[in-house]
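Reviewing the structure listed below.
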Amino acid sequence: MALVKSILFIDGENLAMRYQALLESGRKPKPTVVHIPDIFVWQPGLGPGVINTDILRVNYYTSMVGDDDAIASVKESISAQRYFSHGDYYGQCQLFPRVYKKLKKSTKSRLVDINITIDVMRHAYTHAVDVVYLFSGDGDFVHLVEEVARSGKKVCVGAFSSGLEPRLRVAADRFALLDEHFFEPITAPVAPEVTPNEVLPATPAVVEGKSDA
Numbered sequence: 009m010a011l012v013k014s015i016l017f018i019d020g021e022n023l024a025m026r027y028q029a030l031l032e033s034g035r036k037p038k039p040t041v042v043h044i045p046d047i048f049v050w051q052p053g054l055g056p057g058v059i060n061t062d063i064l065r066v067n068y069y070t071s072m073v074g075d076d077d078a079i080a081s082v083k084e085s086i087s088a089q090r091y092f093s094h095g096d097y098y099g100q101c102q103l104f105p106r107v108y109k110k111l112k113k114s115t116k117s118r119l120v121d122i123n124i125t126i127d128v129m130r131h132a133y134t135h136a137v138d139v140v141y142l143f144s145g146d147g148d149f150v151h152l153v154e155e156v157a158r159s160g161k162k163v164c165v166g167a168f169s170s171g172l173e174p175r176l177r178v179a180a181d182r183f184a185l186l187d188e189h190f191f192e193p194i195t196a197p198v199a200p201e202v203t204p205n206e207v208l209p210a211t212p213a214v215v216e217g218k219s220d221a
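Using our numbering, the first residue of the sequence shown is number 9, and each one after it goes up by one.
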């Protein structure tokens, strides 16, 4: 059986923003999650429920405000993280950082979307991979997913529920929700314990049209 080759492309800006939105909504992160606010979020323990083929490389794209030293520091932090799935033929993959400088913290850099698109298309049309994994809930990638699928490659998308573009679910061959992998399960509220109340005397029945007079 031929080995299935796959590459994971991560829209780090989208993941960080959507992860933070879920944090603000009250979700509790798993203790193993690594997070740099507005820039980076990763869960080293991603299981087969998200990725079910061997991974050649993990490309992580994001942007930040800062000088060259600050960008170099973030790149080092990202590259220190690993992806590893039990039984993966290629073994551990470090996260390959693609960090771009931006002028304003509140805006998303177009360089992230552009470079993800270029790299995905390059790998799809040079037949370097059989399966493309894309982690993003950004609707800007719907046409990219559709085009890669037309090239004959399988496309799998992973994203958080917050801000998810519904069309990505339809366009992808397989979709994985990331919430359960980054956050603790939502527990149902416990109903208050009911204690026996004092029995109250029955209220006398009132018969319409009659009185005690």
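Where is the CB? At the ideal position from N, CA and C, for every residue including glycine.
- In this structure, the CA atom of Glu-21 is about 18 Å from the CA atom of Asp-75.
- Annotation: the region 146 to 195 contains the following complete segments of the alpha helix (DSSP H) (minimum length 4 residues), in chain order: 150 to 158, 174 to 179 and 187 to 190.
- Take Arg-177, set aside five residues on each side of it, and the residues of its chain with a beta-carbon closer than 8 Å to its own are Val-165 and Phe-183, in chain order.
- By the CB criterion at 9 Å, Ser-170 and Gly-147 fall outside the cutoff.
- Here Ile-15 really is in contact with Val-140; their C-beta atoms are around 7 Å apart, less than 8 Å.
- Between the region 124 to 142 and the region 156 to 164, the count of Cβ pairs shorter than 8 Å is three or higher; the stretches touch.
- Annotated as distal: Ala-80 and Val-49, with beta-carbon spacing of 9 Å or more.
- Shortest Cα-Cα distance from Arg-158 to any of Val-137, Ala-132 and Arg-90 involves Ala-132.
- For Pro-193, the closest alpha carbon among the candidates Gln-100, Pro-39 and Arg-26 is that of Pro-39.
- Leu-30 and Ile-44 have their C-alpha atoms roughly 15 Å apart.
- Comparing alpha-carbon positions, the option among Pro-105, Val-73, Met-72 and Leu-64 lying closest to Ala-88 turns out to be Pro-105.
- The residues Lys-13, Ser-14, Ile-15, Leu-64, His-131 and Lys-161, in chain order, have a CB closer than 8 Å to that of Val-137 in the same chain once the five nearest residues on each side in sequence are set aside.
- Contact check for Lys-110 against Ser-85 fails: the beta carbons are separated by 9 Å or more.
- The beta carbon of Phe-92 sits closer than 6 Å to the beta carbons of Gln-100 from its chain, once the five residues preceding and following it are set aside; these are given in chain order.
- Short of 8 Å from the beta carbon of Pro-52, and not among the five residues preceding or following it, lie these beta carbons of its own chain, in chain order: Thr-40, Val-42, Gln-89, Arg-90, Tyr-91 and Phe-92.
- The secondary-structure analysis by DSSP pairs Leu-16 across a beta bridge with Val-66 and Tyr-141.
- Annotation for Ile-44: the continuous beta strand (DSSP E) segment containing it runs 42 to 44.
- Distances from the alpha-carbon of His-189 to those of Phe-168, Val-73 and Thr-195 put Phe-168 closest.
- Contact between Tyr-69 and Val-120 holds: their C-beta atoms lie close to 5 Å from each other, under 8 Å.
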